[in-house]
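Peer 1:
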Ligand code: ADP
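Numbering (this note's numbering), first residue to last: 7 to 612.
1) For residue 614, which of helix, strand or coil comes out of DSSP?
2) Are residue 587 and residue 576 closer than 8 Å when you measure CB to CB?
3) Which of the three DSSP states, helix, strand or coil, is assigned to residue 25?
4) Quickly, what does DSSP pair residue 537 with across the bridge? List them, please.
5) Is it buried or exposed, residue 242, if we count other Cβ atoms within 10 angstroms and call 16 or more buried?
6) Quick check: what's the CA-CA separation for residue 205 versus residue 15?
7) Return the CA-CA distance between residue 21 and residue 108, expressed in angstroms with no decimal places.
8) Helix, strand or coil for residue 545 per DSSP?
9) Relative to the alpha-carbon of residue 386, which residue among 431, 454, 320 and 144 has its alpha-carbon at the smallest distance?
10) Give every residue of the same chain whose Cβ lies closer than 7 Å to the Cβ of residue 381, excluding the five residues on either side of it in the sequence, and list them in chain order.
11) State the Cα-Cα distance for the pair residue 332 and residue 375, rounded to the nearest angstrom.
12) Residue 569: beta carbon under 7 Å from a heavy atom of ligand 1?
13) Do residue 358 and residue 280 have their CB atoms nearer than 8 Å?
14) With H, G and I counted as helix, E and B as strand and the rest as coil, what does DSSP make of residue 608?
15) Rounded C-beta distance between residue 493 and residue 450? I'm assuming under 8 Å.
16) Could you tell me whether the segment 119-133 touches the segment 77-85, using the rule of 3 or more Cβ pairs below 8 Å?
17) Measuring from the CB of residue 470, is there a heavy atom of ligand 1 at a distance below 7 Å?
18) What does residue 135 pair with, by DSSP beta-bridge criteria?
19) Enumerate in chain order the residues of its own chain whose CB-to-CB distance from residue 504 is below 8 Å, with the five nearest sequence positions on each side excluded.
20) Under a three-way DSSP split, which group does residue 170 fall into?
21) Identify whether residue 231 lies in helix, strand or coil by the three-state DSSP scheme.
22) When you measure from the CB of residue 523 to every non-hydrogen atom of ligand 1, does any distance come out below 7 Å?
23) Using 10 angstroms around the beta-carbon of residue 392, count the other beta-carbons present and answer buried if the total reaches 16, otherwise exposed.
24) Please classify residue 25: is it buried, with 16 or more other beta-carbons within 10 angstroms of its beta-carbon, or exposed?
25) Under 8 Å, do residue 498 and residue 396 count as touching if we go by C-beta distance?
26) At the level of alpha carbons, what is the spacing between residue 350 and residue 223?
27) Going by Cα to Cα distance, which pick from 93, 478 and 388 is closest to residue 163?
28) To which residues of the same chain is residue 631 closer than 7 Å at the C-beta, ignoring the five residues directly before and after it?
29) When the Cα of residue 34 is compared with those of 77, 183 and 151, which residue comes out closest?
30) Flag this pair as touching only if the segment 168-178 and the segment 35-47 have three or more C-beta atom pairs under 8 Å; answer yes or no.
31) Is residue 474 near ligand 1, going by C-beta to nearest heavy atom under 7 Å?
32) Looking at residue 536: is its Cβ nearer than 8 Å to the Cβ of residue 599?
33) I'd like the span of the alpha helix (DSSP H) that includes residue 93, first residue to last.
34) So, are the CB atoms of residue 455 and residue 520 less than 8 Å apart?
35) I'd like the list of long-range same chain contacts for residue 8, defined as Cβ closer than 8 Å, with 5 residues on each side in sequence excluded.
36) For residue 48, count the other beta carbons within 10 Å of its own beta carbon; 16 or more makes it buried, fewer makes it exposed. Which is it?
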């Protein structure tokens with residue numbers, strides 16, 4: 007049974023009290039009874055002496071003593087006076103006279119020779135006993151006395167019986183009174199002990215409650231310290247402990263939330279391992295990098311949940327050697343490139359930070375590095391071709407070619423063409439670099455796409471005419487105005503039309519159309535489409551033609567005077583307007599370049 011301390015104390019006190027009262031009552035009753043008995047013995051002794059004294063001269067001389075009515079009469083009278091039962095017993099035990107028996111029944115009275123008091127009197131002259139009388143059925147105190155018969159005849163035994171009824175009744179009353187007194191004292195003690203224990207244990211109950219609150223994480227509970235005793239000291243200590251705990255927990259929570267905020271906001275993935283390689287902590291960036299979930303991976307051995315050969319090797323090395331490690335790994339699928347810095351935290355026990363791994367996603371860095379390297383290689387290559395050509399023709403002129411005016415003119419015109427080409431490449435490179443670096447601010451002005459198309463078509467017409475191309479314009483008259491940089495969009499259209507003219511054999515059809523875009527993924531937008539009936543672009547090359555210097559057919563592009571930068575410039579300008587550009591196959595043949603421009607969208611940074 008789970009009793010509170012209050013009830014335990016109360017019940018223990020009441021049990022002790024009950025035992026005390028019981029023992030005290032029992033002892034009191036017993037000593038009173040003994041006192042009463044001693045008094046009764048004394049009274050019986052005196053009365054026996056008196057009755058013997060009164061009866062002695064009245065005894066007849068006959069031997070043995072006969073039963074006479076007179077003797078019976080005398081015995082009854084003495085019994086009445088002494089308020090006892092008086093019996094005369096012959097030495098052989100038969101009863102000669104008995105005040106408690108009628109004359110008629112005297113013969114029927116049992117032999118009294120075996121009665122203890124008579125037996126004692128036979129031996130010593132006096133005898134005492136207390137028992138329930140066979141004759142009267144009452145508890146009786148007996149006193150027997152040997153009477154000397156006159157003339158030294160046979161003795162006769164006088165026995166007085168004092169019924170204990172009164173004494174028993176008195177004792178009964180006494181016990182009842184004692185029980186009542188003890189009962190009411192006990193009831194008072196119950197009330198008092200309940201009140202007292204409540205008073206004593208209330209602070210303890212409050213402290214128990216406060217301790218439970220502490221355990222449940224509520225540190226605001228404050229106990230009122232009323233007394234300066236041990237309980238008061240305990241309450242005071244509990245208050246201070248809870249305050250200290252509150253401060254410490256607040257500090258820890260703050261530290262933890264700051265740490266978690268730092269870990270959460272970090273772009274780098276962070277993982278903390280214990281000495282056995284179990285994951286103690288990891289941040290959201292790492293979850294994203296590896297496509298794992300924190301609650302699933304925490305507590306697991308990292309090498310079993312992320313079975314990556316290089317990573318496993320790195321973790322094994324750092325846990326064994328406890329030396330800072332660095333490595334670069336590539337995750338498949340996705341080809342993500344991660345740079346890992348693993349440092350040692352120093353703890354040697356389980357569940358304590360032993361190694362900290364920081365993962366930097368350097369995929370973009372590596373991609374940019376590759377672009378830069380490719381770009382440098384491409385630029386060098388693109389510049390070297392016209393330069394080699396110029397150098398070659400200059401050397402040829404110096405070697406004697408200049409002596410022939412016709413050769414000189416021919417070589418100089420080639421040198422001029424190659425210089426123009428060099429110039430063109432440099433101009434396009436500069437343009438592209440300006441757009442990429444963001445130093446070219448795109449205007450945001452509404453303009454009419456219709457007039458832009460018309461203007462560009464009229465500019466390109468002489469070139470198209472040279473190759474016998476047919477230029478078709480198909481512009482929706484309901485076209486909404488576009489917000490953007492008109493000049494740059496003219497450049498976009500010019501580049502696309504220039505390519506269409508270049509890469510379409512003679513007498514092709516080049517169509518420019520502008521319609522509201524059906525796809526609303528960019529919001530309200532316009533699709534500006536330049537299609538031709540030219541050689542087209544193989545499907546595998548289509549996504550790459552917008553890269554710098556990418557050409558489907560390098561020799562042909564150079565021959566046609568292309569720099570390989572036109573579509574890269576187009577893509578940058580279109581994306582700077584928040585739009586998209588892609589190329590599709592034109593039916594039945596040729597290419598179809600689609601520029602999707604949002605009509606009123608705010609321009610993105612170029
Ligand atoms: P270039 O100066 O070489 O034309 P661009 O960036 O404008 O460079 O184009 C890249 C490559 O895309 C071209 O070399 C060519 O192979 C291909 N290309 C561009 N436009 C067309 C087109 N209309 N038809 C076929 N191929 C094209």
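Note that the Cβ used here is the ideal one computed from N, Cα and C, for glycine as well.
Peer 2: In brief:
1) Given a span of 7 to 612 for the chain in the structure shown, any question on residue 614 remains unanswerable.
2) Numbered from its first residue, the chain shown carries residue 587 at position 581. Numbered from its first residue, the chain shown carries residue 576 at position 570. Taking 8 Å as the Cβ cut-off, residue 587 and residue 576 qualify as a contacting pair.
3) Position 19 of the chain shown, counted from the first residue, corresponds to residue 25. Residue state, collapsed to three classes: helix.
4) One-based indexing of the chain shown puts residue 537 at position 531. Beta-bridge pairing links residue 537 to 517 and 598.
5) Working through the chain shown from its first residue, we reach residue 242 at position 236. Exposed, because fewer than 16 other Cβ atoms sit within 10 Å of the Cβ of residue 242.
6) Taking the chain shown and counting its residues from 1, one reaches residue 205 at position 199. Taking the chain shown and counting its residues from 1, one reaches residue 15 at position 9. If you take the alpha carbons of residue 205 and residue 15, they lie about 12 Å apart.
7) In the chain shown, residue 21 corresponds to position 15, counting from 1. In the chain shown, residue 108 corresponds to position 102, counting from 1. Roughly 55 Å separates the two Cα atoms.
8) Residue numbering aside, residue 545 sits at position 539 when the chain shown is read from its first letter. Residue 545: coil per DSSP, three-state reduction.
9) Sequence index remark: in the chain shown, residue 386 carries index 380 (1-based). Out of 431, 454, 320 and 144, 431 has the C-alpha closest to the C-alpha of residue 386.
10) The residue given as residue 381 occupies position 375 in the chain shown. For residue 381, where only same-chain residues beyond five positions count, the Cβ hits under 7 Å are 554.
11) In the chain shown, the residue the question calls residue 332 occupies position 326. In the chain shown, the residue the question calls residue 375 occupies position 369. Taking the straight line joining both Cα atoms gives about 20 Å.
12) In the chain shown, counting from the first residue as 1, residue 569 sits at position 563. At least one heavy atom of ligand 1 is found less than 7 Å from the C-beta of residue 569.
13) The residue you call residue 358 lines up with position 352 of the chain shown. The residue you call residue 280 lines up with position 274 of the chain shown. Result yes, Cβ atoms of residue 358 and residue 280 sit closer than 8 Å.
14) As a working mapping, residue 608 is identified with position 602 in the chain shown. Residue placement at residue 608 is flagged as unreliable, the pLDDT there being 46, under the threshold of 50; a coordinate-derived value is accordingly withheld.
15) Against the chain shown, residue 493 aligns to sequence position 487. Against the chain shown, residue 450 aligns to sequence position 444. About 13 Å separates the Cβ atoms of residue 493 and residue 450, ruling out a contact at the 8 Å cut-off.
16) no
17) For the purposes of this step, residue 470 is taken as residue 464 along the chain shown, with counting starting at 1. No, Cβ of residue 470 sits at least 7 Å from all heavy atoms of ligand 1.
18) As a working mapping, residue 135 is identified with position 129 in the chain shown. Partner(s): 148.
19) Locating residue 504 in the chain shown gives position 498, where the first residue counts as 1. Closer than 8 Å at Cβ, skipping near neighbours: 466, 469 and 572.
20) Counting from one through the chain shown, the residue named residue 170 turns up at place 164. Note: residue 170 maps to coil in three-state DSSP.
21) Your numbering for residue 231 matches position 225 in the chain shown. Coil, per DSSP.
22) As a first step, residue 523 is located in the chain shown; it is residue number 517 there, counting from the start. No, since every heavy atom of ligand 1 falls outside the 7 Å radius drawn around the Cβ of residue 523.
23) The sequence position of residue 392 within the chain shown is 386, counting from 1. Its Cβ being crowded by 16 or more others within 10 Å, residue 392 is buried.
24) The residue labelled residue 25 in the question sits at position 19 within the chain shown. Residue 25 comes out exposed.
25) In the chain shown, the residue the question calls residue 498 occupies position 492. In the chain shown, the residue the question calls residue 396 occupies position 390. Going by C-beta atoms, residue 498 is not nearer than 8 Å to residue 396.
26) To locate residue 350, count along the chain shown from 1; it is residue 344. To locate residue 223, count along the chain shown from 1; it is residue 217. Between residue 350 and residue 223, the C-alpha separation is close to 34 Å.
27) As a position in the chain shown, residue 163 is number 157, starting the count at 1. The shortest Cα separation from residue 163 among 93, 478 and 388 belongs to 93.
28) Absent from the model: residue 631. The displayed extent of the chain is 7 to 612, so no value can be given.
29) In the chain shown, residue 34 corresponds to position 28, counting from 1. Among 77, 183 and 151, the Cα nearest to that of residue 34 is on 183.
30) yes
31) Within the chain shown, numbered from 1, the residue matching residue 474 stands at position 468. Answer for residue 474: no, Cβ out of range of ligand 1.
32) As a position in the chain shown, residue 536 is number 530, starting the count at 1. As a position in the chain shown, residue 599 is number 593, starting the count at 1. Yes; because the gap between Cβ atoms is below 8 Å, this pair is in contact.
33) Here residue 93 is taken as the residue at index 87 of the chain shown, counted from 1. Run containing residue 93: none in the alpha helix (DSSP H); it sits in the beta strand (DSSP E), 91-95.
34) Within the chain shown, residue 455 is the residue found at index 449, counting from 1. Within the chain shown, residue 520 is the residue found at index 514, counting from 1. The answer is yes: Cβ separation under 8 Å.
35) On the chain shown, position 2 is the one that residue 8 refers to. Hits under 8 Å: none found.
36) Your numbering for residue 48 matches position 42 in the chain shown. Result: exposed.
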